[in-house]
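Asker: Residue 43 in numbering that gives the first Met the number 0 sits at position 44 of the sequence shown; the count goes up by one each step and never skips.
For every residue, glycine included, the Cβ atom is placed at its ideal position computed from N, Cα and C.
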Amino acid sequence: MAYSGINFGPINITYPKGAKVIFPYSPPPWYVQYAPEIALAIVLASLGILVLVSPRFRSIIMRYLRF
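#1: Take Val50 and list the residues in its own chain whose beta-carbon comes closer than 7 Å to its own, dropping the five residues that flank it on each side.
#2: Tell me which residues share the same chain as Arg62 and place their Cβ nearer than 6 Å to its Cβ, disregarding the 5 neighbours each side in the sequence.
#3: If I'm right that Tyr30 touches Ile37 with Cβ under 8 Å, what's the distance once you round it to whole angstroms?
#4: Leaving aside the five residues before and after Arg65 along the sequence, list all residues of the same chain whose C-beta is less than 8 Å from its C-beta, in chain order.
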């Protein structure tokens, strides 16, 4: 998991004297990195629940799986 604290590190911005300025950097939280996987898991879980609960949806899926 990504560390969500503030890190201070050198940024490559040069000034006339060639000094580096230190800016605070905070990485995004872990759920921003895994947002596509979380969304896909939610969609697949909701489809699975629909198959288990709805007989009409189950019959539609079974009809398309016969081909």
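Answerer: Result, derived from the coordinates:
#1: Phe56, Arg57 and Ile60
#2: Excluding residues within five positions, none has a Cβ falling inside 6 Å.
#3: 7 Å
#4: Closer than 8 Å at the Cβ level, and outside the excluded window around Arg65, lies no residue.
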